[in-house]
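**Q** Each residue of the sequence shown is one higher than the one before, starting from 1 at the first, in full-length UniProt numbering.
Virtual Cβ for every residue (Gly too), placed ideally from N, Cα, C.
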Amino acid sequence: MHLAYPAVLAALLFCTGLYGVLARRNAILVLMSVELMLNAVNLNLVAFDVWLRDTLHSGQALTLFTIAIAAAEIGIGLAIVLAVHRNRGSSAIDRLRDTAETDDAETARSTTNAEATS
Numbered sequence: 001m002h003l004a005y006p007a008v009l010a011a012l013l014f015c016t017g018l019y020g021v022l023a024r025r026n027a028i029l030v031l032m033s034v035e036l037m038l039n040a041v042n043l044n045l046v047a048f049d050v051w052l053r054d055t056l057h058s059g060q061a062l063t064l065f066t067i068a069i070a071a072a073e074i075g076i077g078l079a080i081v082l083a084v085h086r087n088r089g090s091s092a093i094d095r096l097r098d099t100a101e102t103d104d105a106e107t108a109r110s111t112t113n114a115e116a117t118s
């Protein structure tokens with residue numbers, strides 16, 4: 001098999017994932033797009049490992065390491081998204097940026113709490 005076929009497929013997967021990261025507003029869809037990009041990298045690693053006929057199969061070993069890192073990233077990412085969704089009611093990235101607390105809001109809240117308790 002030629003190297004061009006998996007390389008073109010990996011490039012298409014990576015570009016699709018990159019578009020998803022840049023264009024999506026939902027945090028879960030952004031995480032899925034990052035997974036697409038990592039799978040494109042894994043496909044390239046395995047394709048070049050087979051093409052170079054590496055006796056140590058370092059491309060496949062690195063692919064297993066990348067899969068483990070991606071699984072941990074998804075686990076932590078989904079936990080963060082769920083915590084944000086519980087606190088704010090939305091996982092939309094644009095709304096999260098707009099509703100970020102600043103120092104001014106924190107000082108106003110602390111003075112309001114101090115007045116309410118006294």
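So, residue 45 versus residue 13, is the Cβ gap smaller than 7 angstroms?
**A** Residue numbering aside, residue 45 sits at position 45 when the sequence shown is read from its first letter. Residue numbering aside, residue 13 sits at position 13 when the sequence shown is read from its first letter. Going by C-beta atoms, residue 45 is not nearer than 7 angstroms to residue 13.
**Q** Exposed or buried, residue 63, counting other C-beta atoms within 10 Å across all chains shown (16 or more means buried)?
**A** Position 63 of the sequence shown, counting from 1, holds the residue named residue 63. Burial call: buried.
**Q** For the alpha helix (DSSP H) that residue 33 lies in, which residues bound it at each end?
**A** One-based indexing of the sequence shown puts residue 33 at position 33. Residues 27-52.
**Q** Assess contact between the stretch 48-56 and the stretch 79-95, defined as three or more Cβ pairs (one per stretch) separated by less than 8 angstroms. Is contact present?
**A** The answer is no - the stretch 79-95 does not touch the stretch 48-56, with fewer than three Cβ pairs under 8 angstroms.
**Q** Could you please give me the residues that DSSP links to residue 92 through a beta bridge?
**A** Against the sequence shown, residue 92 aligns to sequence position 92. Its beta-bridge partners are 26.
**Q** Near residue 24, which residues of its chain fall below 7 angstroms by C-beta distance, leaving aside the five closest residues on each side in sequence?
**A** Taking the first residue of the sequence shown as 1, we reach residue 24 at position 24. Cβ within range, chain order: 30 and 33.
**Q** Give the single residue among 78, 39 and 85 whose Cα lies nearest to the Cα of residue 10.
**A** Residue numbering aside, residue 10 sits at position 10 when the sequence shown is read from its first letter. It is 39.
**Q** Please report the distance separating the alpha-carbon of residue 95 from that of residue 85.
**A** In the sequence shown, counting from the first residue as 1, residue 95 sits at position 95. In the sequence shown, counting from the first residue as 1, residue 85 sits at position 85. Here the alpha carbons of residue 85 and residue 95 stand approximately 11 angstroms from one another.
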